[in-house]
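Position one of the sequence shown corresponds to residue 1 (the UniProt record's numbering), numbered consecutively onward.
Working notes, beginning with the structure itself.
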Amino acid sequence: MSFFGKNIRKIRNVKNMSQQAFADLFELKRGTLGAYEEGRSEPKIETIILIANYFSISIDAILTTELTVNQLLKFKENIPLDNHIQIKEKFAEIPCITEKNSKDYIDNFDKQNFITELPSLSLPINTDKNFRAYTVMNLEMTNHDQGLYPKDIVIAEFVPKEVYKKLNNGNIVLALINNQLILRRLYIAKNKLILRADHKNIEDLSFKLNEVKELWKVRYVFYKRTPEVQAISTGVEEKLNFLEQEFLKLKNKI
């Protein structure tokens, strides 16, 4: 096995580049690059030549020698990286579950190779935590004109099994249970997990805790539409106006 994977990882670290930025530079998939770095796959000779030439490193050195950081720094002046490729801050690469790949995710959620190949979002959030992005696919989490609509995207943080009972009731979660991906509010009752929709016409779903394969707590939301800035205040004003009118009606009847 060559030192290619270790060396390109060091190059990324020296240049402070994410896997996605490096992969895009050489028209590779991020998952493919990850496989190179982890030694699970070897690149084509064309790829080796392209990367070695780009960074002014000999093919022999990049394949047969574990390059040191000091050696790579010597090439620093010769590395012709454009400003838009340099990344000073490492962003979290978040695998995204969409309507097209959701069924495959249910079957392969525990396979790292599959997760690596999923489309991803790059966001400036905690890189030490495990996240999933999920595209909303129904109206279960709507209430009148508020809530989550299809094509909105939620970003959820992984919840270990030992933490399930410590979650606050009412948290929005993404749960993988019985070959279903369910986005709802969570309520814990003894050893049962109740998932409740915001839509009033949809019944609760109840499961045993040991039926849960994965649980993710929603932390962030990206709306497909532009939220109304005055939606909350306008709603309050409308209710006050309605109550005032009702009060006047009662007063006139007296």
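For glycine and all other residues, C-beta sits at the position ideal for the given N, C-alpha and C.
- Unbroken alpha helix (DSSP H) runs of no fewer than 4 residues, entirely contained in the UniProt domain "HTH cro/C1-type" (8-62), are found at 19-25, 30-37, 45-54, following chain order.
- For the 8 Å CB-CB criterion, residue 120 and residue 96 form a contact.
- The Cβ atoms of residue 172 and residue 218 lie closer than 8 Å to each other.
- Between the segment 130-140 and the segment 41-52, the count of C-beta pairs closer than 8 Å stays below three; the two stretches do not touch.
- For residue 150, the closest C-alpha among the options 164, 99, 144, 176 is that of 99.
- For residue 169, the closest of 68, 161, 193 by C-alpha to C-alpha distance is 193.
- In the structure shown, the three-state DSSP call for residue 117 is helix.
- Non-local C-beta neighbours of residue 153 in its own chain, meaning closer than 6 Å and more than five positions away in sequence, comprise 133, 135, 222, ordered along the chain.
- According to the DSSP assignment, residue 2 belongs to no beta strand (DSSP E), since it is labelled neither H nor E.
- A distance of 8 Å or more separates the beta carbons of residue 102 and residue 42.
- Excluding sequence positions up to five before and after residue 185, its CB lies within less than 6 Å of the CB of 170, 172, 196, all in the same chain and listed in chain order.
- By DSSP's assignment, residue 154 forms a beta bridge with 134, 221.
- DSSP places residue 192 in the uninterrupted beta strand (DSSP E) bounded by 192-196.
- With contacts defined by Cβ atoms closer than 8 Å, residue 131 and residue 94 form a contacting pair.
- Nearest neighbour of residue 181 by Cα position, chosen from 161, 91, 108, 72, turns out to be 108.
- Minimum Cα-Cα distance from residue 54 among the listed residues 72, 29, 32 corresponds to 72.
- With at least 16 other beta carbons inside 10 angstroms of its own, residue 62 counts as buried.
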